[in-house]
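Undergrad: Got a structure here, written out as structure tokens. Questions coming.
Chains as they are written, first to last, in our numbering: chain A, 2 to 244; chain B, 51 to 237; chain C, 51 to 237.
Here it is as structure tokens:
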């Protein structure tokens, strides 16, 4: 990197393809509503070749817009009987995107000015210690805080050792046997109760899959008398006689 | 009585870290008439603009809070031994603008508007609490939807999102802007 | 000049988290004469005693700091109470997140998951009605089972509990390696 003061022409890197396109349009004093697609495509591709002026992490995105330009160019070259009306102009998609982006860029410039102004004003980030009341560390929380908090908790757990979470392995077969054993003792099984007894989410999941397996292989049957009543699971043979 | 009310309001604004809203003041100052409260705030704001004071009450994000005056910035920096405050990157500002003008919006939409993948910038903005998750969109994949936060308003000194120029006003600003000289770099 | 100095000192006292000592002020205000500084402080203290103000500068603990007036204490307490109602401590937030992502769950499970006894925070969450009891678990001791409430959904702007960002989404948002500097935080 040349950082000497003599190096006058500072090459600005274009953040994205729309950024570069807008720059070219302004440079060539082009009317954004009537873009000479052949010229702009040529210019655009030339800039793409000078890789130091584009953000290389974004190369694929620059190429995507190049492809769009070439596509529009090809559409423009198609022979037509009548001149295109505005809505069918193949450039319209691009024009709309550029207009949207231009507004975002203008807004972004305004925000930058605002930021500059506001950064000169200092607000307290904490109350002076003398004023400290209990629970002053409380925060107003958002959904992101909630999710982030859980994520941090998960990370902490992971570090503490996975064994506490994944201590036991639950096999479908064992669970199926367990369910059948329970049905031998009791006439039926209360579906919800049974799940609530599972110690972990993992175990409950395996229990659920086992039950599905048993239903599928027609060993047990799940019955709900009416809506919102508990779902009961019966052994098929037993239930058969009552129905 | 009015003077006492002004004093109380001043102390309440002082004690709040977040902008103190009128609603909150009213919910606490139940002994006072709403009109009285509004009147007192107006008077309080006037005192601060006319007096020679180092701190003043400003209004942002729908509330009031104390801040130092911009002209004392360099002294504060000397006191706190801070070289300069960090600014948001242009990518962050651009992403914020996209969200501010198209909210509620999704990551895919933001990326489309900018023409670049915005995952990383969005993450930074979430961590800075300038953007918040407000739910999910009812569309394939149920993507999370985002909005600018209260902190966004405070950070940029805006009272409400309506303080930003409308898309039409933005277009006007763009038209008035002169065409830059040949080869000038993009800002 | 003297007025400007008074303003600067006021803003410095305001922004200091610790009582601001005379020495510190002098070390920063090198452009000013020591006598001038002392004079300005005296005048500043006088302004606050004569004016009807809700806050004043007091001298204690070896320095100067802003404080609310004792006669407004009851109002401040009322405000803080209102504020606290809407706030969650970080412990409460953590507990709430554990319940949200593991519901239905029991106190023992929450405590085990967090690695700390969560009786107190759970009680707070119940009081704030962000969490509700939905029954008892059929296991030794028949512990109570908890779930997040409707109010929880409203508070976080969710339509249903399914709208919570999933652990996979969280990893995406929070784990992408950060690109240093470019997006440095605002202060």
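Backbone N, C-alpha and C fix where the C-beta goes; we use that ideal spot for every residue, glycine too.
Which first and last residues belong to the beta strand (DSSP E) in which residue 110 of chain C is found?
TA: Unbroken beta strand (DSSP E) run through residue 110 of chain C: 105-110.
Undergrad: So, helix, strand or coil for residue 117 of chain B, using DSSP?
TA: strand
Undergrad: For residue 75 of chain B and residue 121 of chain C, what's the separation of their Cα atoms in angstroms?
TA: 18 Å
Undergrad: Relative to the alpha-carbon of residue 142 of chain C, which residue among C/198, C/95, C/119 has its alpha-carbon at the smallest distance?
TA: C/198
Undergrad: Mapping the DSSP letters down to three states, classify residue 198 of chain B as helix, strand or coil.
TA: strand
Undergrad: What residues match up with residue 137 of chain C in a beta bridge as DSSP calls it?
TA: DSSP lists no beta-bridge partner residue for residue 137 of chain C.
Undergrad: Looking at chain A, which residues of the region 146-166 of chain C have a Cβ within less than 9 Å of any of its Cβ atoms?
TA: 146, 147, 148, 150, 151, 152, 154, 159, 162, 163, 164, 165
Undergrad: Where does residue 126 of chain A land, buried or exposed, given buried means 16+ other C-beta within 10 angstroms?
TA: exposed
Undergrad: Can you list the alpha helix (DSSP H) stretches of 4 or more residues lying completely in the region 37-88 of chain A, in chain order?
TA: Fully enclosed alpha helix (DSSP H) runs of 4 or longer: 38-50, 60-78.
Undergrad: Under a Cβ-count criterion, where at least 16 other Cβ atoms within 10 Å of its own Cβ denotes burial, should residue 104 of chain B be classed as buried or exposed?
TA: buried
Undergrad: Using C-beta distances below 7 Å, list every residue in its chain close to residue 154 of chain B, excluding the 5 sequence neighbours before and after it, in chain order.
TA: 184, 195, 196, 197
Undergrad: Whole angstroms is fine: what's the gap from residue 58 of chain B's alpha carbon to residue 125 of chain C's?
TA: 7 Å
Undergrad: In chain B, which residues lie with their C-beta within 7 Å of the C-beta of residue 213 of chain C?
TA: 185, 186
Undergrad: Nearest to residue 110 of chain A by alpha carbon, out of B/83, B/82, B/224, B/66?
TA: B/224
Undergrad: Using the beta-carbon count (16 or more within 10 Å), is residue 169 of chain C buried or exposed?
TA: exposed
Undergrad: Would the beta-carbon of residue 149 of chain B fall within 8 Å of that of residue 181 of chain B?
TA: The answer is yes: Cβ separation under 8 Å.
Undergrad: Below 8 Å on the Cβ atoms is my contact criterion, and I expect residue 110 of chain B with residue 207 of chain B to pass it. Report the Cβ-Cβ distance as a whole number of Å.
TA: 5 Å
Undergrad: Would residue 149 of chain A pass as an interface residue toward chain C - the criterion being a Cβ-Cβ separation below 8 Å?
TA: yes
Undergrad: Output needed for residue 214 of chain A: all residues of its chain with C-beta closer than 8 Å, excluding positions within five of it in sequence on either side, in chain order.
TA: 173, 177
Undergrad: Chain C beta carbons: is any one of them nearer than 8 Å to that of residue 154 of chain A?
TA: yes
Undergrad: With a floor of 3 residues, list each beta strand (DSSP E) that falls wholly inside the region 143-223 of chain B, ordered by position along the chain.
TA: 181-186, 194-198
Undergrad: Could you tell me the distance, in whole angstroms, from the CA atom of residue 102 of chain B to the CA atom of residue 58 of chain A?
TA: 51 Å
Undergrad: Alpha helix (DSSP H) containing residue 19 of chain A: first to last residue?
TA: 18-28
Undergrad: How should residue 200 of chain C be labelled, buried or exposed, when 16 other C-beta atoms within 10 angstroms of its C-beta is the threshold for buried?
TA: Under this definition residue 200 of chain C is an exposed residue.
Undergrad: Mind listing which residues of the region 49-76 of chain A have their C-beta closer than 8 Å to chain D's C-betas, in chain order?
TA: Any reference to chain D falls outside this structure, whose protein chains are A, B and C.
Undergrad: Run the CB neighbour count on residue 78 of chain A, radius 10 Å, all protein chains shown included, and call it buried at 16 or more, exposed below.
TA: exposed
Undergrad: Could you name the residues of chain C that residue 103 of chain B contacts, counting a contact when the two beta carbons are closer than 8 Å?
TA: 57, 60
Undergrad: Going along chain A, which residues have a C-beta under 8 Å from residue 224 of chain C?
TA: 149, 152
Undergrad: For a cutoff of 8 Å on Cβ pairs, would you count residue 98 of chain B as touching chain A?
TA: no
Undergrad: Residue 119 of chain A: which of B/151, B/173, B/134 sits nearest, CA to CA?
TA: B/134
Undergrad: How many angstroms separate the CA atom of residue 52 of chain A from the CA atom of residue 189 of chain B?
TA: 38 Å
Undergrad: Taking Cβ positions only, does residue 82 of chain B come closer than 8 Å to chain A?
TA: no
Undergrad: Just mark residue 148 of chain A as buried or exposed, buried being the case when its beta carbon has 16 or more other beta carbons within 10 Å.
TA: buried
Undergrad: So what does DSSP say about residue 83 of chain B, is it helix, strand or coil?
TA: coil
Undergrad: Compute the Euclidean distance between the alpha carbons of residue 174 of chain B and residue 72 of chain C, then round it to the nearest angstrom.
TA: 40 Å
Undergrad: Beta-carbon separation of residue 55 of chain A and residue 49 of chain A under 8 Å?
TA: Yes, Cβ-Cβ distance for residue 55 of chain A and residue 49 of chain A is below 8 Å.
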